[in-house]
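**Student:** Numbering (my numbering), first residue to last: 1 to 319.
Just so you know, even glycine gets a beta-carbon here, dropped at the ideal spot from N, CA and C.
Keep in mind it's a predicted model, so treat the numbers as computed, not measured.
Have a look at the structure that comes next, please.
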């Protein structure tokens, strides 16, 4: 005969699984927390978008949310375009580095958004995510089981969380894009290893880049490192070309693939693997943006914008 305690546990779990979509009910979250070293994300309240001053130049989609089509082929940047890219990417790096020094337990992701927004507009730039296809905030904040595109809200960061902060800016008519995953307070060993693997796989993937190198070497390099560490790679979200457009060709696959094409000097693109603690399957929540792991395991992501040169590769989102 089933015990009353087991019956309550089973009923609670069943109810949570029927309606969770990767986000547990408060009742089941308490049970989950009792044997887990981190809390699953509960979606909080989302405040209105922050205003942008009139003196800040806007990307084409800023007012309407309608994004113009990107180029059909991979753009080879001129020296003037490269100089603009370096400025926007350096600015994105500076903002992300400032967040690293500012972020802490108890800070809400809404407060991160406010901090990032103010820093970017004070530098005379526009936060690229804001109203990109209608995205409501100036930064993406993805905590624990949120794989990417988390919308900042009222949830405070907790001891043991990991959070990816994805900074993109539009400056001098060009975008710069970078992100990092931060450890909040005391993170368990598995979480630390996950974040370290994300950083290391990105570093090693960048090292293989250079003129005439096949794009597929990026995914091959990342997959080998991640598999050896006992993790998986999310296959839904890709790196991308970037310039005066936010997202465009080439597509950068972070898993083993047979992509056709080689890198050429003057190409700029992002590499941004999402490394999964469990399986790579995700679900998009009803807000149309937040991607959560189906198995409720954590993800870590790191990102740089790179330039292919005649001699090799240059990380633009780094001073």
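Give me the Cα-Cα distance between residue 135 and residue 246, rounded to the nearest whole angstrom.
**Tutor:** To locate residue 135, count along the chain shown from 1; it is residue 135. To locate residue 246, count along the chain shown from 1; it is residue 246. Distance between the alpha carbons of residue 135 and residue 246: 13 Å.
**Student:** According to DSSP, residue 46 sits in a beta bridge with which residue or residues?
**Tutor:** For this step, residue 46 is matched to residue 46 along the chain shown. Per DSSP, none; premise fails for residue 46.
**Student:** Quick one, which of 261, 256, 244 has its alpha-carbon nearest residue 250's?
**Tutor:** For the purposes of this step, residue 250 is taken as the residue at position 250 of the chain shown. Answer by Cα proximity: 261.
**Student:** Suppose the cutoff is 6 Å on Cβ atoms and the five residues either side in sequence are ignored; what does the same chain contact list for residue 314 look like?
**Tutor:** Looking up residue 314 in the chain shown gives position 314. So the qualifying residues of the chain are 307.
**Student:** Looking only at its own chain, which residues have a Cβ that is under 6 Å from the Cβ of residue 157, when we skip the five neighbours before and after it?
**Tutor:** What you label residue 157 is simply residue 157 of the chain shown in a count that begins at 1. Excluding positions up to five away in sequence, the list reads 105, 107, 184.
**Student:** By DSSP's criteria, residue 291 is part of a beta bridge. Which residues make up the other side?
**Tutor:** Start at 1 with the first residue of the chain shown, and residue 291 comes out as number 291. Per DSSP, 148, 284.
**Student:** From the DSSP output, in three-state form, read off residue 300 for me.
**Tutor:** Counting from one through the chain shown, the residue named residue 300 turns up at place 300. Three-state result, residue 300: strand.
**Student:** Can the beta-carbon of residue 215 be found closer than 9 Å to that of residue 274?
**Tutor:** Residue 215 sits at position 215 when you count from the first residue of the chain shown. Residue 274 sits at position 274 when you count from the first residue of the chain shown. For residue 215 and residue 274, no; Cβs fall outside 9 Å.
**Student:** If we count the other Cβ atoms within 10 Å of its Cβ and call it buried at 16 or more, is residue 212 buried or exposed?
**Tutor:** Mapped onto the chain shown, residue 212 falls at position 212. With fewer than 16 Cβ atoms within 10 Å of its Cβ, residue 212 is classed as exposed.
**Student:** Compare the C-beta of residue 191 against all C-beta atoms of chain B and say whether one is closer than 9 Å.
**Tutor:** Note that chain B does not occur in the displayed structure, where there is just one protein chain.
**Student:** Run through the DSSP bridge pairs and tell me what residue 156 is partnered with.
**Tutor:** As a working mapping, residue 156 is identified with position 156 in the chain shown. Answer is 108.
**Student:** What residue does the beta strand (DSSP E) around residue 54 start on, and which one ends it?
**Tutor:** In the chain shown, counting from the first residue as 1, residue 54 sits at position 54. Taken as a continuous stretch (DSSP letters only), residue 54 belongs to no beta strand (DSSP E), as it is neither H nor E.
**Student:** On the CB-based measure, 16 or more other CB atoms within 10 Å of its CB, does residue 48 come out buried or exposed?
**Tutor:** Mapped onto the chain shown, residue 48 falls at position 48. By the 10 Å Cβ count, residue 48 comes out exposed.
**Student:** Pair every Cβ in the region 141 to 158 with every Cβ in the region 284 to 303, then say whether three or more of these pairs are closer than 8 Å.
**Tutor:** They touch, by the three-pair rule.
**Student:** Could you tell me the alpha carbon to alpha carbon distance between residue 292 and residue 41, rounded to whole angstroms?
**Tutor:** Counting from 1 along the chain shown, the entry for residue 292 is found at position 292. Counting from 1 along the chain shown, the entry for residue 41 is found at position 41. Going from the Cα of residue 292 to the Cα of residue 41 covers about 9 Å.
**Student:** Helix or strand or just coil, what does DSSP make of residue 117?
**Tutor:** Against the chain shown, residue 117 aligns to sequence position 117. Helix, per DSSP.
**Student:** Measure the alpha-carbon distance for residue 127 versus residue 89 and round it to whole angstroms.
**Tutor:** Here residue 127 refers to the residue found at position 127 when the chain shown is read from its first residue. Here residue 89 refers to the residue found at position 89 when the chain shown is read from its first residue. Going from the Cα of residue 127 to the Cα of residue 89 covers about 12 Å.
**Student:** With distances taken from CA atoms, which of 281, 141, 197 is nearest residue 179?
**Tutor:** Translated into positions along the chain shown, residue 179 becomes position 179. Checking every option, the nearest Cα to that of residue 179 belongs to 141.
**Student:** For residue 203 and residue 58, what's the separation of their Cα atoms in angstroms?
**Tutor:** Locating residue 203 in the chain shown gives position 203, where the first residue counts as 1. Locating residue 58 in the chain shown gives position 58, where the first residue counts as 1. Answer to the nearest angstrom: the Cα atoms are 32 Å apart.
**Student:** Taking DSSP's pairing of strands, which residues face residue 239 in a bridge?
**Tutor:** In the chain shown, counting from the first residue as 1, residue 239 sits at position 239. Answer by DSSP bridge pairing, in chain order: 252.
**Student:** When you compare only the Cα positions, how much space is there between residue 280 and residue 82?
**Tutor:** Stepping through the chain shown from its first residue, residue 280 is reached at position 280. Stepping through the chain shown from its first residue, residue 82 is reached at position 82. Going by the C-alpha atoms only, they are around 35 Å apart.
**Student:** Among the residues of its own chain, which have a CB less than 8 Å from the CB of residue 95, if the five just before and after it don't count?
**Tutor:** On the chain shown, position 95 is the one that residue 95 refers to. Excluding residues within five positions, the ones whose Cβ falls inside 8 Å are 116, 119, 120, 123, 167, 169.
**Student:** Do residue 226 and residue 268 have their beta-carbon atoms positioned less than 9 Å apart in this structure?
**Tutor:** For the purposes of this step, residue 268 is taken as residue 268 along the chain shown, with counting starting at 1. For the purposes of this step, residue 226 is taken as residue 226 along the chain shown, with counting starting at 1. Going by C-beta atoms, residue 268 is not nearer than 9 Å to residue 226.
**Student:** Count the other CB atoms within 10 Å of the CB of residue 244; is the residue buried (16 or more) or exposed (fewer)?
**Tutor:** Start at 1 with the first residue of the chain shown, and residue 244 comes out as number 244. When all chains shown are included, residue 244 counts as buried.
**Student:** Could you tell me if residue 131 is buried or exposed, where buried requires 16 or more neighbouring beta carbons within 10 angstroms of its beta carbon?
**Tutor:** On the chain shown, position 131 is the one that residue 131 refers to. With 16 or more other Cβ atoms within 10 Å, it is buried.
**Student:** Taking C-alpha atoms, which residue in 264, 242, 74 lies nearest to residue 176?
**Tutor:** Residue numbering aside, residue 176 sits at position 176 when the chain shown is read from its first letter. It is 242 whose Cα lies nearest to the Cα of residue 176.
**Student:** Quick one: what's residue 180 bridged to in DSSP?
**Tutor:** Along the chain shown, one-based indexing puts residue 180 at 180. Paired residues: 165.
**Student:** Less than 6 Å between C-beta atoms, sequence neighbours within five positions excluded: which residues of the same chain meet that for residue 44?
**Tutor:** Taking the first residue of the chain shown as position 1, residue 44 is located at position 44. Contacts found: 153, 154, 155.
**Student:** What are the start and end residues of the alpha helix (DSSP H) that includes residue 41?
**Tutor:** Counting from one through the chain shown, the residue named residue 41 turns up at place 41. Where residue 41 is concerned, there is no enclosing alpha helix (DSSP H), given that its DSSP letter is neither H nor E.
**Student:** Going along the chain, which residues of its own chain have a beta-carbon closer than 7 Å to the beta-carbon of residue 74, five neighbours each way excluded?
**Tutor:** For the purposes of this step, residue 74 is identified with residue 74 of the chain shown, where counting begins at 1. The answer, listed in chain order, is 241, 249, 250, 267.
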